[in-house]
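Scroll down for the structure; my scribbles are underneath it.
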Amino acid sequence: MKIVRTRLTIWDALVLSSPFMSGLFFDSPIGNLYLFYIPLSMYLFGHILVNGNLRFPASFAYMFFLIVFLSVIGSLAFSTPIKYLISYMPPIILTFLAYHAYIRDYNFDIERIFRKYYAVAVYFSIFAFVQEAFWLAGSTILFAWALIGKTSGSLLGVVGLSSEPSNFAVALMPAVYFALYKILVLRKITLGAVAVIAAQLLTLSALGYMGIIASILLILPTLARRRLLFFTLASPFILYLVISMISVDVFAVRFADTLEVLRDKSALKPYDVNLSTYTLLVNYYITKSAFFDNYYLGTGIGSYYEIYSRYIGGFEVPSYLEILPGNNSASSFLLKVTAEMGIVGLALSIFFLVRFFSLNVANYINHAFFVTLIIIYLRLGMYFVNGVPFIVMMYIYSYQSYRRKNPAALESVPPRSERFPPDLNHPQFPRDSGVV
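Sequential numbering of the sequence shown, starting at 21, is according to our numbering.
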């Protein structure tokens with residue numbers, strides 16, 4: 021039996037593997053040079069060569085202009101080096117244009133592209149099992165590029181080809197949502213779905229676990245009456261499983277520490293709370309101070325390190341570290357955008373998330389990327405790594421595609437009689453989802 025039925029071309033594999041390759045890069049004077057730049061550049065060049073042009077939405081041009089404009093204002097107002105703008109804009113432009121070219125070459129067939137992404141995610145999930153097996157066997161050969169250290173008992177948090185488990189969890193998240201959707205709504209327990217969910221659990225990432233819980237909560241309104249009744253009756257057992265999942269040390273300790281520090285800021289000491297919580301909250305307070313001190317303006321794209329350097333003196337850095345993690349990423353997309361792009365960046369980020377969210381419970385692709393964006397906003401301060409531009413575009417186009425294919429479906433919560441049960445013959449419930 022094949023685990024994956026969806027056919028992948030070499031270009032599918034190269035482009036759709038890029039979100040999973042954040043751990044493969046080289047250091048350079050202008051920042052990290054990621055290996056996925058190569059296949060994306062090749063694809064973009066080939067697209068231009070074959071089509072004789074490069075077409076993209078006018079909104080891209082507006083976005084690029086706004087980033088440059090706000091960055092120049094920030095650079096002039098707060099003496100931020102212009103080098104950050106120069107180093108950040110090329111990869112942002114490359115990734116957005118390359119992913120858009122890929123989507124356009126499939127004529128914006130979002131369901132087909134999603135099936136291909138899902139197939140790639142299944143392969144990376146299998147690779148994660150191989151990594152875990154090597155770790156249990158005492159070998160770290162498949163972790164040479166990664167940050168070894170996150171463990172729970174004898175298990176290691178798997179990373180795939182990502183730089184750390186949380187990055188791998190983000191790359192897997194849309195596939196994890198669909199795997200849960202297949203099991204709970206489509207009633208299909210497949211090897212691919214089990215592999216993806218298991219790989220997410222093996223990341224030991226609190227971010228990944230949060231994504232699983234958020235996915236289940238978002239899927240609940242989709243369940244038919246009988247399954248919803250079953251889910252309700254089984255809720256004590258499910259609650260026990262959820263509690264067991266979040267009781268894993270790497271999750272429970274962070275959760276408890278975060279609540280403690282939020283209750284009492286004086287508890288924010290590097291040796292009294294776990295490093296992840298300490299890092300996030302330090303970056304939160306740094307961003308908050310910079311936001312108000314800079315009159316709600318940002319300091320320019322990619323310049324968070326400058327902000328960090330100005331304010332970190334007010335916080336203690338653990339003696340076992342030379343520099344606190346998150347000094348470039350702010351440990352959160354929302355924090356990074358707020359610090360670098362100011363009130364404009366923060367407002368547009370929130371507006372975007374709300375504007376393209378589909379209230380129709382059948383639009384599972386849109387919801388898969390919505391959950392992914394939520395965890396990115398909370399905990400991943402990156403603009404172009406981990407396939408963030410791909411996630412952004414799939415979120416937008418899944419919303420637009422569903423409205424175009426279902427003109428009678430209003431973007432509002434449908435009546436209960438229409439929600440239960442879902443029409444399994446509807447195009448949004450494909451019989452052949454690509455995975456056995």
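Using N, Cα and C, we set each Cβ at its ideal position, and we do this for glycine too.
Query, Result
"Cross-strand partners of Phe46 (DSSP beta bridge)", "Leu53"
"Minimum C-alpha distance to Ile217 - residue among Ser329, Tyr138 and Asn71", "Tyr138"
"Inter-residue spacing [alpha-carbon to alpha-carbon] between Tyr108 and Ala33", "26 Å"
"Reduced DSSP secondary structure (H/G/I, E/B, other) of Arg27", "coil"
"Local Cβ density within 10 Å of Ile306, reported as buried at 16 or more and exposed below that", "buried"
"8 Å Cβ cutoff met for Leu117 and Leu192", "no"
"Cβ neighbour criterion (16 or more within 10 Å) applied to Leu96", "exposed"
"Same chain, Cβ closer than 6 Å to Asn303, neighbours up to 5 away in sequence not counted", "Gly346, Ala350, Ser351 and Leu355"
"For Pro111, the first and last residue of its enclosing alpha helix (DSSP H)", "Lys103 to Asp125"
"Delimiting residues of the alpha helix (DSSP H) encompassing Asp4", "The first residue shown for the chain is 21 and the last is 456, placing residue 4 beyond what the model contains."
"Contact the stretch 321 to 334 vs the stretch 354 to 370: 3+ CB pairs below 8 Å", "yes"
"Under 8 Å between C-beta atoms of Ile123 and Ser418", "no"
"DSSP-derived helix/strand/coil call for Asn73", "coil"
"Continuous alpha helix (DSSP H) stretch holding Tyr82: start and end", "Ala78 to Phe98"
"Proximity winner among Ala121, Pro49 and Thr100, relative to Val70 (alpha-carbon distances)", "Ala121"
"Supposed close pair Leu55, Phe45 - CB separation, criterion 8 Å", "6 Å"
"Range covered by the alpha helix (DSSP H) that runs through Leu227", "Ala226 to Ile239"
"Boundaries (first-last residue) of the alpha helix (DSSP H) holding Thr297", "Leu295 to Asp313"
"Closest Cα partner of Asn187 within the set Phe410, Ile58 and Val405", "Val405"
"Integer-rounded CB distance, given that Ala219 should sit under 8 Å from Ala310", "With 8 Å as the limit, Ala310 and Ala219 do not qualify as a contact, their Cβ atoms being about 37 Å apart."
"For Arg439, the three-state DSSP class (helix, strand or coil)", "Since pLDDT at Arg439 reaches only 41, below the 50 mark, its modelled position is unreliable, and no value is offered."
"Between the CA atoms of Ile396 and Leu227 - distance to the nearest angstrom", "9 Å"
"Whole-angstrom distance between Val357 and Leu28, CA atom to CA atom", "35 Å"
"Alpha-carbon to alpha-carbon, Lys308 and Gly66", "44 Å"
"For Thr299, the nearest candidate out of Ile68, Ser42 and Gly401 (CA to CA)", "Gly401"
"Proximity below 8 Å, CB of Ile233 to CB of Leu200", "no"
"Whole-number beta carbon distance between Glu152 and Val178, since they are thought to touch under 8 Å", "6 Å"
"Environment of Pro435 [buried if 16+ CB atoms lie within 10 Å]", "At Pro435 the pLDDT is 46, less than 50, meaning the model places this residue with poor confidence; the figure from the coordinates comes in the next sentence. Exposed, because fewer than 16 other Cβ atoms sit within 10 Å of the Cβ of Pro435."
"Per-residue DSSP class, three states only, for Lys208", "coil"
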